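Below is one structure, written out as structure tokens; comments come after it.
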Amino acid sequence: MPGTVHIVDDDASFRTALERRLRKAGYEVATYACAQQLLDRLPDEKEAGCILLDVRIPGLSGPELQKRLAELGSTLPIIFLTGYADVPTTVKAIKAGAEDFLTKPVTSEQLLRALEQALAHHETSRSLKAKLDALRTQLARLTPRETQVFELVVRGKINKQIAQQLGATERTIKAHRHRVMEKMDVQSFAELVSIAERLGILSRTSGEDSQA
Amino acid sequence: MITRIGGLIVGLVAFMVPAELPAQQQRARSILFLDQSDLRGPFYYEIFVSLRERVTADVQSHITLYRESLDLSRFAGETYEASLRQHLKEKYRARPIGVIVAIGSATLELVQRWRTELWPGVPVVFGLVDQADVERMKLSPDVTGGTVRLRLADSIQAARAVVPDLDSIAFVGDDWDRQVVFSGWKNEIGTAAAGLKVTELIGLTMTELRQRLATLPDRSAILYSAVYFDGEGGFYPPAVALGFIAEKANRPIVVASETFLKPGGIGGFVLLPREIGADAASRAVRIINGEAASAIPVAIVNAVRPIFNWQQMQRWNVTEADLPPGSEIRFREPGIWERYRWQGMSVIAAFLAQVALISILLHERKRRGDAELEARQRLSELAHVHRQAIAGELSSSIAHQLNQPLSSILTNAETAELILDSPSPDLREIKEILADIRDDDLRASQVIAHMRGLLKRTPFELKQIDLNQVMRSAFDVMSAQGTIRDVALYLKTCPEPLWVKGDRVQLQQVILNLIANGMDAMTAMSSGRTIVGRTEIDDARVLISISDSGSGIAADKLDKIFDPFFTTKQQGMGIGLSIARTIVEAHKGRMWAANRSEGGAAFFVSLPLSTP
């Protein structure tokens, strides 16, 4: 699976060796001598990618960089590479969402498997995010009244109830409902509920929302 | 007057008739001493002196002594004898004589003849008379005395002693017939000198004699009896004649009289005049004190003994061991040691004291050297142990340092394999990879070399080393540790090399210890951990400083931190700085600590600069 691997390591020789190997495996490679360099030119999240991060690097350390990236909303999976893996550091990194934790020296096989997995994860989460983004875009296209109707519909309210709650005729509600189905590009009511679920609309308390 | 050696005194007493009447008479307390000499030689004089001493020593009452020398070796004949008799008769007419002492056979013979006329009834004591003569003369009962045995065989034995490979002897003396003491030797030559070549230098003039004696063969000895005449009308006492002879003689001269030792005789079985005099004196005194002469038997006097001249022995290379048993040595020249005994003793004592002092000092010096050596060895051992401790602390960073190149090598090797598996391998890339592998390998071996240098147990050795290099190497070793512990290390070395005479491993240990201490001091800090190393030349000394950005050292502990087992760390032994200071002092250097005004502590090491 093609993608870009971002290598952050202070050891130039290791960077070169790794870059060489990963290019042979078909990856795009970007290298950084320290954490700051990566922060200075953040990778494009739209491409499939992964960060290979040394734990101990001068300046900002590996785990610190991980934290900063999370703050910046990066979805790039991080594989830690370290010459010296102590348990607390490992546990902390994994808890903070690290994809994997490898100990140097690492065989290509090990590394490539980890990379493949990480990129697959990234791919999945990336497409998931893309879909959600699309849904959010669709949702944004609804008028406020349509949004209200949408939120009530997915909570199982029938037209009559909605009309009563919104102070409209049943026929008007029916027309809104039809437009929501159209705008959200769904054929069935079940689909609409599923989208609401994914967008987290169902977890919101309906009362507040309805009044907002 | 002829002395003869040999013969036993047997049965002599049987001839003697007790002379009761004279014994009862009151003896005159006087002795007339008659000898045959001419008054000049020492021999008869010694006999007389010895006799006189004995007589004087008799405390009963005073004894008057008269002495007459008959000069029989120079004068002889009836007329002379008659005149002598007349002279003595007149001279001693009014002198009562208690005892006549006659020395020599010739004297005894005359006394025997004259006695009836001159000294009727006066007992006679003789000395220096050969046993054979005694028998021949048929002595009266009131004549007693001591005989002597002077044998040629003894003299030849003495000659063999001083010339071990003796093959010839030369006799030197007057005509045998004129000899007063040694005439008996003539008959003995045949038996005593058997197997030896015998030269008789008898009756020669002194001039001739001296010439002949200067050219004697090597394995020969001279046997000197006595020379009175020089054959040219001159007379000598034989001791004086011997002096002339000895001047020219080229061989040792064996003599038979004690008085010949000094003028140049090497020695031999010699006559002792004092023994003869003493024997005669004791006999005479006993008679004067009332004993009958007939009651005192004739006996051999022990008057011949082997005596040698030490100076002559030196000249002829004769050692004491060569001499006949029981020999006496005369005129032993006191050696330097005997002469300067006390001075020598003091010098030796001073010398010995000095030797003792020097030995003690050398011993002390050696002990001090040993102690220093041991101290250095102990320091080396302790330093080694401490280096192992440092190495232990550094192990994680060492592992890290090794891991880096190993990881690169692994990845590169796998990539190379991959490339080679492809249908058309890119050899240029392979080459690049191999170059990288080589570089990494070198990097790894350098780490190991550093480590080994740190763990090496080396004897303390002083070498010319560049402290800048030592500093760089120490900072290299600590760089990984710096990464791990998040400490920034900076090293600012002065541009010129810093030559010092020192032990590289131990000095590096000092620096490593200071860096590690600095890191420990900053553990609690959240950020900004920095260690700065500096080297500079300061007035013929090298100054190293290692400073940290920690909280510094409490002022009251600045002095104590170098004490053994003083530590401010939770897990410290407190020996690192103490060892470091000991090492620095072993390099004639100084080490101290100070707090920096901008915060943190600084450690300084100052070592004497040494020109390479």
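Chains A and B supply the protein sequences, listed in that same order. For the first sequence, the residue numbers in my numbering are 1 to 212. For the second sequence, the residue numbers in my numbering are 1001 to 1612. The beta carbon of each residue, even a glycine, is placed where N, CA and C say it ideally should be. All figures in this text were calculated on a predicted structure; none of them were measured in a lab.
Taking only beta-carbon positions, decide if TYR84/A is within less than 7 Å of chain B.
-> So, interface residue.
May I have the straight-line CA-CA distance separating LYS1261/B from ASP1218/B, to the nearest angstrom?
-> Here the sequence assigns Leu to residue 1261/B, which means Lys is not the residue at that position. Distance from the CA atom of LEU1261/B to the CA atom of ASP1218/B, rounded to whole angstroms, is 22 Å.
Under the three-state DSSP convention, the category ALA1586/B falls into = Three-state DSSP puts ALA1586/B in a helix.
Neighbourhood of SER1545/B by C-beta, 6 Å cutoff - its chain only, sequence neighbours within 5 removed = Beyond the five residues adjoining it in sequence on each side, SER1545/B comes within less than 6 Å, by CB distance, of ARG1534, ALA1602, PHE1604 in the same chain, given in chain order.
Going along the chain, which residues of its own chain have a beta-carbon closer than 8 Å to the beta-carbon of LEU1204/B, five neighbours each way excluded?
-> If we look at LEU1204/B and ignore the five residues flanking it on each side, its Cβ neighbours are ARG1212, GLY1231.
Classify ASN1317/B as buried or exposed, calling it buried when 16 or more other Cβ atoms lie within 10 Å of its own Cβ.
-> Exposed, because fewer than 16 other Cβ atoms sit within 10 Å of the Cβ of ASN1317/B.
Is the beta carbon of GLN1036/B less than 7 Å from the beta carbon of ALA1106/B?
-> Yes.
Do you know how far the Cα of ALA1321/B is from the Cα of GLY1344/B?
-> Cα to Cα, GLY1344/B sits roughly 28 Å from ALA1321/B.
Does DSSP classify HIS6/A as helix, strand or coil?
-> Here HIS6/A carries a strand assignment [DSSP, helix/strand/coil].
7 Å Cβ cutoff met for ARG1178/B and ALA1221/B = Contact: no.
Boundaries of the beta strand (DSSP E) in which PRO1306/B is found, first to last residue = Segment 1304 to 1309, the beta strand (DSSP E) holding PRO1306/B.
If you check the beta carbons only, do TYR1228/B and VAL1255/B fall under 7 Å apart?
-> Note that the C-beta distance between TYR1228/B and VAL1255/B is not below 7 Å.
Reduced DSSP category for ARG1529/B - H, G, I as helix; E, B as strand; rest coil | Note: ARG1529/B maps to coil in three-state DSSP.
Leaving aside the five residues before and after LEU1196/B along the sequence, list all residues of the same chain whose C-beta is less than 8 Å from its C-beta, in chain order.
-> Excluding sequence neighbours, LEU1196/B sits near ILE1156, LEU1166, ASP1167, SER1168, ILE1169.
Please confirm whether any heavy atom of the ligand ADP lies closer than 6 Å to the CB of ALA1284/B.
-> Ligands in the displayed structure: none, and consequently the ligand ADP is not present.
Closer than 8 Å by beta-carbon distance: list the chain A residues that pair up with GLU1414/B, in chain order.
-> Near GLU1414/B (Cβ distances below 8 Å), the residues of chain A are ARG21, THR107, SER108.
On the three-state DSSP scale, how would you describe ALA114/A?
-> In this structure, ALA114/A counts as helix in the three-state DSSP scheme.
Closest Cα partner of GLY238/A within the set GLU64/A, VAL193/A, ARG171/A, SER127/A | Coverage of chain A is limited to positions 1 through 212, which leaves residue 238/A absent and any answer about it impossible.
Between the CA atoms of ILE1100/B and ALA1299/B - distance to the nearest angstrom = When rounded, the distance between both Cα atoms is 18 Å.
Exposure of HIS1363/B, with buried meaning 16 or more beta-carbon neighbours within 10 Å = So HIS1363/B counts as exposed.
Any idea which residues DSSP pairs ARG1541/B with across the strands?
-> As computed with DSSP, ARG1541/B is found in a beta bridge with PRO1608/B.
Would you call the region 134 to 145 of chain A and the region 18 to 38 of chain A touching, i.e. three or more CB-CB distances under 8 Å?
-> No contact exists between the region 134 to 145 of chain A and the region 18 to 38 of chain A.
Between ARG68/A and chain B, is there a C-beta pair that is closer than 7 Å?
-> No, because no Cβ of chain B sits closer than 7 Å to the Cβ of ARG68/A.
Determine the chain A residues that contact PRO1425/B at a beta-carbon separation under 8 Å, and present them in chain order.
-> In chain order: nothing, as chain A lies at least about 12 Å away.
What is the C-beta distance between LEU1489/B and ARG1387/B, in whole angstroms, given that I count them as a contact (C-beta under 8 Å)?
-> Contact annotation, LEU1489/B with ARG1387/B: C-beta distance approximately 20 Å; criterion of less than 8 Å not satisfied.
Could you please give the first and the last residue of the uninterrupted alpha helix (DSSP H) stretch that includes LYS67/A?
-> Counted as a single uninterrupted DSSP element, the alpha helix (DSSP H) harbouring LYS67/A occupies residues 62 to 71.
GLY1518/B burial status per 10 Å Cβ neighbour count (16 or more: buried) | Label assigned to GLY1518/B: buried.
Hey, could you find the ends of the alpha helix (DSSP H) VAL1298/B is sitting in?
-> Here VAL1298/B belongs to no alpha helix (DSSP H), and DSSP marks it neither H nor E.
Give the DSSP-derived three-state secondary structure of ASP1038/B in the structure shown.
-> In this structure, ASP1038/B counts as coil in the three-state DSSP scheme.
Return the first residue and the last residue of the alpha helix (DSSP H) that TYR1080/B is part of.
-> Counted as a single uninterrupted DSSP element, the alpha helix (DSSP H) harbouring TYR1080/B occupies residues 1078 to 1091.
Cβ separation of ILE1531/B and ASP1548/B, assumed to be a contact under 8 Å, to the nearest whole Å | About 5 Å separates the CB atoms of ILE1531/B and ASP1548/B; that is less than 8 Å, so the two are in contact.
At 3 residues or longer, and completely inside the region 8 to 49 of chain A: list those beta strand (DSSP E) runs for me, N to C.
-> If you keep only unbroken beta strand (DSSP E) runs of at least 3 residues inside the region 8 to 49 of chain A, you get 28 to 32.
Inter-residue Cα distance where the pair is ALA1350/B and LEU1361/B | If I take the Cα positions, the gap works out to 16 Å.
Based on Cα-Cα distance, which residue from THR1611/B, LEU1609/B, PRO1608/B, ASP1556/B lies nearest to ALA1593/B?
-> Nearest option by C-alpha distance: ASP1556/B.
Three CB pairs or more closer than 8 Å across the region 1036 to 1049 of chain B and the region 1261 to 1277 of chain B = The region 1036 to 1049 of chain B and the region 1261 to 1277 of chain B touch, with no fewer than 3 CB-CB distances between them shorter than 8 Å.
Buried versus exposed, by CB contacts within 10 Å (16 or more), ASN1187/B = Exposed.
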